[in-house]
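The block underneath contains the structure these notes are about, expressed in structure tokens.
Residue numbers (the numbering used here): 21 to 522.
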């Protein structure tokens, strides 16, 4: 009809367009809506977790409180009145371990020996030590202790004691044979030595080195000149020197034979109850071998070296700046218990002899590394006071040829038999014996004297007396040892009495 609009075809056309649109875009629209819903859920979940962490759960589940956190308090309505999480006000310092602990232990051991400057220097070698409380506290402590030390006022009054080899088995040493009287006169037992050292420690004695008392320097003109040192100890402490003669373990002591000639004598059941040699222990410290009466070989504290070393490890304040004793060796059988006399190679063979030499060198190095001083006691043990200058020189040269290449150079000599080369007057180059020994490099000379102390410092040498600690002195002259210990408390009841006289 004219004037009438027929929309049926238009509707069909619009419907067709919508259908085509939906068929084309509906899957994409659905996917987009799904993404929006998922993102919303994730955001809501994260928000809930954050609320639980910050304020605690609201559904009755309790979270385990963490160190240093604050869970706050809750009011009567159940609402949370918490505070913000805070770090601990006093953080726990982790324990000192590893290399740092080892460094602190080493410094402490050195400090116990009154060498605070060295201990502080060690600690300051640690990178970043300024920010390490365990180090700075120790540096402050050592600085204070060092300021409290006082210089020992009279270095000439320092006493010097010495021992021979210590008796391990008194039954074997004092069995009545031809050597028994000599052992009773000149030796001390292990029990006596231990008691003596303990008593001296209790009385405040501290072992020092002769180099601490006086040392060689040069004057303005470049000439050698001896000057006194400065020994700084806590008030009341008393320095002393210590040495041991004949650290050789001779054949007659350990094997019942004479090794002075060309045949070495090794340890056997014929020995008289002494250690047979110094060796290097499994811990790296020097120790001793000992053969018992049944022929069993033991390793342990069977002479002065390991006994004193062990005591110092337990009482580091008994040793000033790491001082140890002087060990005097002769050369006519070998050193330190090793049969190193060169002519022995003709008897036992070059290879066996070289093995003895190599072992002795290793032990000597070990001893020196731990602070022991290896020194001359002559080659053949003659009384130097009775010899001509040429014979003194010849014996000194023999010692160099047989001992020096093993134990190293030394400037200390312990006179055999305590026999000095001069009267109490000072040494001069007019004394041929002194000149020979001086030219051989010796600067420290020690005789034997019963005086509490005798020290003489010349322009180019140091000279001192030594007190023998043995059966003779303890039995016949105990009053001359009263400043060191009470003889009645340390005298070994296994020692035969009366002790012979010299």
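All C-beta atoms, glycine included, are put in the ideal place defined by N, C-alpha and C. The structure presented is a predicted model; accordingly, all values stated were derived computationally and were not measured.
By the neighbour-count criterion, in which 16 or more other beta carbons inside 10 Å mark a residue as buried, residue 359 falls on the buried side. For the pair residue 519 and residue 511, the Cα-to-Cα distance works out to about 12 Å. Per the C-alpha coordinates, the member of 290, 183, 163 positioned closest to residue 136 is 163. If you look at residue 145, you'll find it isn't in any beta strand (DSSP E); DSSP assigns it neither H nor E. Out of 372, 202, 344, 307, the CA that lies nearest to the CA of residue 262 is found in 344. With respect to residue 447, residue 353 sits apart: the two C-beta atoms are not nearer than 8 Å. With contacts defined by Cβ atoms closer than 8 Å, residue 252 and residue 171 form a contacting pair. Cβ contact annotation for residue 290 (same chain, cutoff 7 Å, sequence separation greater than five): 275, 276, in chain order. Of all alpha-carbon atoms in 498, 399, 406, the one lying nearest the alpha-carbon of residue 415 is that of 399.
The closest CA to that of residue 368, considering only 254, 282, 348, is found on 282.
Annotation for residue 215: the continuous alpha helix (DSSP H) segment containing it runs 210-222. Uninterrupted alpha helix (DSSP H) stretches at least 4 residues long and entirely within the segment 418-480 occur at 452-459, given in chain order. Counted as a single uninterrupted DSSP element, the stretch harbouring residue 517 is not any beta strand (DSSP E), since DSSP gives it neither H nor E. A straight line joining the alpha-carbon of residue 183 with that of residue 438 spans about 12 Å. For residue 202, the three-state secondary structure derived from DSSP is helix. At a Cβ-Cβ threshold of 8 Å, residue 427 and residue 462 do not count as neighbours.
Residue 245: member of the beta strand (DSSP E) spanning 244-248, first to last residue. Residue 294 and residue 193 have their C-alpha atoms spaced approximately 8 Å apart. Residue 264 is bridged by DSSP to 183, 347. For the pair residue 383 and residue 330, the Cα-to-Cα distance works out to about 17 Å. When C-beta atoms of the segment 207-223 are compared with those of the segment 299-317, fewer than three pairs fall below 8 Å, so the two segments do not count as touching. Setting aside the 5 residues that flank it on each side, residue 424 is surrounded in the same chain by 430, each with a C-beta closer than 8 Å to its C-beta; the list follows chain order. Scanning its chain for C-beta atoms nearer than 8 Å, with the 5 sequence neighbours on each side dropped, one finds around residue 254 the residues 134, 168, 169, 170, in chain order. Check the Cα spacing between residue 155 and each of 127, 173, 179: the tightest is with 127. Fewer than three pairs of CB atoms, one per stretch, sit closer than 8 Å, so the segment 305-314 makes no contact with the segment 225-234. CA-to-CA, the gap between residue 480 and residue 245 works out to about 5 Å. Counting of Cβ neighbours within 10 angstroms places residue 410 among the exposed residues, the total staying below 16. Here the C-alpha atom of residue 460 lies approximately 35 Å from the C-alpha atom of residue 333. The beta-carbon separation of residue 348 and residue 417, rounded to 18 Å, does not stay under the 8 Å limit for a contact. In this structure, residue 489 sits away from residue 299, with a CB-CB distance that is not shorter than 8 Å. In terms of CA proximity to residue 396, 346 leads the group 375, 241, 346, 357.
Assigned with DSSP and collapsed to three states, residue 398 falls in coil, not helix or strand. Comparing C-alpha distances from residue 166 to each of 173, 132, 153 shows the shortest one belongs to 132. Under the three-state reduction of DSSP, residue 298 is assigned to strand. The straight-line gap separating the alpha-carbon atoms of residue 191 and residue 477 is approximately 44 Å. For residue 318, the enclosing beta strand (DSSP E) starts and ends at 317-320.
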